[in-house]
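Since the structure comes first, as structure tokens, the remarks are kept for the end.
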Amino acid sequence: MLLGALLLTACGEPPRVDQRLIILGFDGMDPVLVQQWMDDGSLPNFQKLATRGEFQPLATSNPPQSPVAWSNFATGTGPGKHGIYDFLRRDPETLLPAFSISKSIPPQQFLSLFGMELPLDSGEIINRRIGTPFWSAIEEQGGRSTVLRVPVTFPPDPIHRMLAGMGVPDLIGTQGTYTIYSTRPIAGSETSSSRSVRLRPNREGHIKTFLVGPAHPLRPQAPALNTEMLLDPQGEKVRIRLGDSDVQLAAGEWSDWVSVSFKYFGPASVKGIVRLYLLQAYPQVQLYVSPIQIDPRNPVVPLSSPPDYASEMAQRFGLYHTIGMPEETWSLNEGHLTDHAFLEMERTILHERENMFYDALDQHDSNVVISIFVQTDRIAHMFYRGIDPQHPLYEETDDEARQAIHWIYTEADRVLGETLNRMGADDRLIVLSDHGFAPFRRAVNLNRWLLDEGLLVLEKGQKESPIGFARVNWAQTRAYALGLNSVFINRRGREAQGIVTEDEAGEIKQQIISSLPGLLDPDSGLPMVREVFDGAVLYPGNGNQDAPDLVIGYEPGFRASWQTTLGGVPNSLADDNKKKWSGDHCITPEAVPGVVFTSFKPVIPLDSLQDVAHYAKQYWKVSP
Ligand SMILES: [Zn+2]
144 MLLGALLLTA CGEPPRVDQR LIILGFDGMD PVLVQQWMDD GSLPNFQKLA
194 TRGEFQPLAT SNPPQSPVAW SNFATGTGPG KHGIYDFLRR DPETLLPAFS
244 ISKSIPPQQF LSLFGMELPL DSGEIINRRI GTPFWSAIEE QGGRSTVLRV
294 PVTFPPDPIH RMLAGMGVPD LIGTQGTYTI YSTRPIAGSE TSSSRSVRLR
344 PNREGHIKTF LVGPAHPLRP QAPALNTEML LDPQGEKVRI RLGDSDVQLA
394 AGEWSDWVSV SFKYFGPASV KGIVRLYLLQ AYPQVQLYVS PIQIDPRNPV
444 VPLSSPPDYA SEMAQRFGLY HTIGMPEETW SLNEGHLTDH AFLEMERTIL
494 HERENMFYDA LDQHDSNVVI SIFVQTDRIA HMFYRGIDPQ HPLYEETDDE
544 ARQAIHWIYT EADRVLGETL NRMGADDRLI VLSDHGFAPF RRAVNLNRWL
594 LDEGLLVLEK GQKESPIGFA RVNWAQTRAY ALGLNSVFIN RRGREAQGIV
644 TEDEAGEIKQ QIISSLPGLL DPDSGLPMVR EVFDGAVLYP GNGNQDAPDL
694 VIGYEPGFRA SWQTTLGGVP NSLADDNKKK WSGDHCITPE AVPGVVFTSF
744 KPVIPLDSLQ DVAHYAKQYW KVSP
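Going by the working numbering, 512 is the number at position 369 of the sequence shown; the sequence numbering is gapless.
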């Protein structure tokens with residue numbers, strides 16, 4: 144820190160840096176696809192980089208999930224040290240699933256006044272990742288770091304410049320809850336995070352409805368805040384009045400950003416921004432409203448370091464998606480958005496990220512500049528059905544959707560080209576991904592298998608259980624699956640109703656490790672699991688006691704069902720995946736390595752995500 148201060152010039156401006164380490168991440172970029180498209184000439188900039196420096200597969204984390212992998216990258220350690228094991232963790236007390244990346248601690252002290260609860264402290268939001276990320280270590284050595292949208296960076300680290308990524312909630316505190324307004328009833332699903340509102344037009348077609356916002360900040364028991372929305376027919380279009388916006392949309396059109404404010408006391412309000420997408424015009428109106436994003440001009444929680452960087456970006460480049468996972472994968476999966484609308488949204492998000500990244504590069508004020516683009520991952524998840532002839536939805540996938548993954552790889556190539564153009568002779572570049580991709584054709588109901596094995600027991604007379612283990616008999620259950628790859632033992636002294644002793648736990652683990660890889664898909668006869676890993680071996684340390692007892696390494700083509708991730712026990716062992724979420728990587732890590740490209744010959748081998756952190760920490764100052 145002291146050295147950093149000394150480096151400031153007399154006028155307070157940081158000196159120009161011409162020898163930078165630039166790290167450009169493309170989440171989920173797959174070595175096989177990238178090689179195939181380099182070979183056919185689709186990715187000239189990647190090809191150029193591979194010839195100039197090095198290109199090889201990069202070992203991913205176990206399990207190969209983005210929050211785990213990017214935490215390996217940030218800290219140079221593994222899950223046993225940084226404490227992120229899966230997208231989801233469970234509360235051993237309630238056994239309910241929770242988001243594993245961040246948690247908010249509500250204000251502890253309130254003053255009751257006029258029927259309101261006035262918080263005396265502001266509460267706290269905590270990044271659950273443990274350890275020092277390498278960009279902070281570099282600042283401790285006197286360098287300056289710019290870090291844009293790396294997953295698991297919320298709340299932002301106090302460094303030279305950071306914009307938080309995966310982990311930033313929407314305005315109502317979830318990881319993204321959208322709303323569908325419709326004159327007809329809308330089907331939802333058990334695992335959906337959407338809201339649907341039924342519209343009732345009057346004889347002229349006029350509709351008055353509301354957008355429901357965050358909880359009342361001063362009266363937690365009161366109904367959530369809301370703001371009015373008016374819809375009227377306008378020729379072929381729909382006129383929508385929301386917040387201070389008055390917009391007209393035709394079917395198949397996205398709106399620009401709409402500012403909304405939720406008043407709660409006198410002039411005091413909570414501010415957010417949304418985008419609208421008109422699915423259908425009159426007479427059967429159907430309107431999609433995006434998750435309410437925190438307004439970067441007026442953020443209710445810190446989005447950046449320094450805190451005003453988020454609003455400066457909004458002033459210079461316009462409003463942008465602030466939520467940690469802005470790609471509305473779930474609305475596409477539920478059929479609430481079209482392929483085309485989804486791809487338009489990705490285009491918008493990509494350009495927002497590009498503006499900020501190029502601007503950060505042009506500042507020349509940081510020794511390390513890191514930016515992660517996640518669009519490569521989201522599009523591969525949602526459009527793998529277009530390149531996998533064995534996927535149940537392959538036949539019905541149209542041309543635009545078939546081209547989507549190729550398109551986003553060529554966009555990545557374009558971003559790489561822009562980056563290379565902005566680099567000086569002394570800059571070094573690392574391009575990497577956190578994991579690759581595999582098809583997702585069959586969904587495995589792992590809790591069903593545990594039930595069949597007698598390790599999980601339902602309440603008397605029950606044949607299945609909805610999510611959240613609603614009908615599980617914990618007094619007789621010895622193992623349960625939750626999250627994308629995790630299995631836990633119902634341990635005495637750890638789980639609230641735990642029954643398994645330490646000795647028994649070892650036997651149960653061995654039983655699962657030896658029998659699950661032999662389990663065949665009842666439909667195809669193919670093995671569904673390649674390997675089961677022992678959490679105690681994988682994760683020495685386990686400082687926060689969140690580590691799963693077992694990690695399931697599925698075969699390519701298979702993955703945990705959505706019900707499994709949230710603690711559901713359906714009737715069947717495996718089902719066809721008929722959802723658009725058709726590619727995945729939460730399987731055995733050896734089948735889904737990432738990639739690494741360098742513009743130079745590195746002095747230490749870069750074989751894993753951790754190696755990149757060690758390289759950056761050691762060699763940020765000297766080349767190479
Ligand atoms: Zn992914």
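Virtual Cβ for every residue (Gly too), placed ideally from N, Cα, C. As the structure is a prediction and not an experimental result, all values here were calculated from the model.
Starting from the Cα of residue i, find the closest Cα among the options and give me that residue.
i: residue 386; options: 326, 465, 403, 588; result: 403
i: residue 721; options: 477, 359, 635; result: 477
i: residue 319; options: 329, 508, 293, 432; result: 432
i: residue 325; options: 649, 566, 352, 605; result: 352
i: residue 734; options: 579, 605, 683, 574; result: 579
i: residue 288; options: 512, 562, 665, 755; result: 512
i: residue 498; options: 461, 522, 466; result: 461
i: residue 349; options: 243, 424, 534, 696; result: 424
i: residue 582; options: 588, 528, 322, 631; result: 528
i: residue 409; options: 361, 502, 521; result: 361
i: residue 313; options: 337, 304, 481, 329; result: 337
i: residue 233; options: 633, 681, 663; result: 633
i: residue 547; options: 522, 451, 534; result: 522
i: residue 192; options: 759, 755, 738, 748; result: 738
i: residue 358; options: 398, 315, 384; result: 315
i: residue 474; options: 434, 595, 219; result: 434
i: residue 755; options: 159, 217, 169, 209; result: 217
i: residue 298; options: 366, 281, 450; result: 450
i: residue 694; options: 700, 205, 374, 443; result: 205
i: residue 692; options: 542, 369, 169, 645; result: 645
i: residue 368; options: 168, 157, 355, 379; result: 355
i: residue 681; options: 209, 225, 166, 178; result: 225
i: residue 520; options: 327, 210, 317; result: 210
i: residue 667; options: 700, 652, 549; result: 700
i: residue 304; options: 651, 372, 281, 557; result: 281
i: residue 388; options: 373, 377, 516; result: 373
i: residue 379; options: 426, 347, 364; result: 426
i: residue 606; options: 365, 714, 500; result: 714
i: residue 489; options: 554, 538, 611; result: 554
Looking at residue j and residue i, is the spacing between their C-beta atoms short of 8 Å?
i: residue 405; j: residue 417; result: no
i: residue 602; j: residue 238; result: no
i: residue 518; j: residue 493; result: yes
i: residue 672; j: residue 656; result: no
i: residue 301; j: residue 448; result: yes
i: residue 718; j: residue 702; result: no
i: residue 565; j: residue 627; result: no
i: residue 446; j: residue 311; result: yes
i: residue 724; j: residue 525; result: yes
i: residue 231; j: residue 571; result: no
i: residue 576; j: residue 172; result: yes
i: residue 622; j: residue 630; result: yes
i: residue 690; j: residue 222; result: yes
i: residue 624; j: residue 640; result: no
i: residue 437; j: residue 415; result: yes
i: residue 716; j: residue 591; result: yes
i: residue 159; j: residue 464; result: no
i: residue 536; j: residue 712; result: no
i: residue 397; j: residue 470; result: no
i: residue 482; j: residue 393; result: no
i: residue 584; j: residue 534; result: yes
i: residue 170; j: residue 485; result: no
i: residue 764; j: residue 196; result: no
Since I believe residue j is in contact with residue i (beta carbons under 8 Å), could you give me their beta-carbon distance rounded to a whole number of angstroms?
i: residue 176; j: residue 552; result: 7 Å
i: residue 750; j: residue 307; result: The Cβ separation is near 29 Å, so there is no contact.
i: residue 381; j: residue 428; result: 6 Å
i: residue 696; j: residue 732; result: 7 Å
i: residue 457; j: residue 439; result: 4 Å
i: residue 729; j: residue 294; result: Not really, about 15 Å apart at Cβ, beyond 8 Å.
Beta strand (DSSP E) runs wholly inside the segment 336-419, at least 3 long, in chain order | 338-341, 350-355, 369-377, 380-385, 388-392, 401-408, 411-417
For the segment 445-517, which segments carrying the beta strand (DSSP E) assignment without a break, of at least 3 residues, lie completely within its bounds, in sequence order?
-> The qualifying runs are 511-516.
Contiguous beta strand (DSSP E) assignments of at least 3 residues, all confined to the segment 636-702 | 672-677, 693-697
Check each residue's C-beta against every heavy atom of ligand 1 and list, in chain order, those closer than 6 Å.
-> 171, 209, 520, 524, 728
Hey, which unbroken runs of the beta strand (DSSP E) at 3 residues or more fall wholly within the segment 712-761?
-> 717-719, 737-741
Please list the segments of the beta strand (DSSP E) lying wholly inside the segment 557-635, counting only runs of 3 or more residues, in order along the chain.
-> 571-575, 581-587, 622-625, 629-632
Ordered list of alpha helix (DSSP H) runs contained in the segment 172-255, each at least 4 residues = Segments of the alpha helix (DSSP H) lying fully in the segment 172-255: 174-182, 187-195, 209-218, 222-225.
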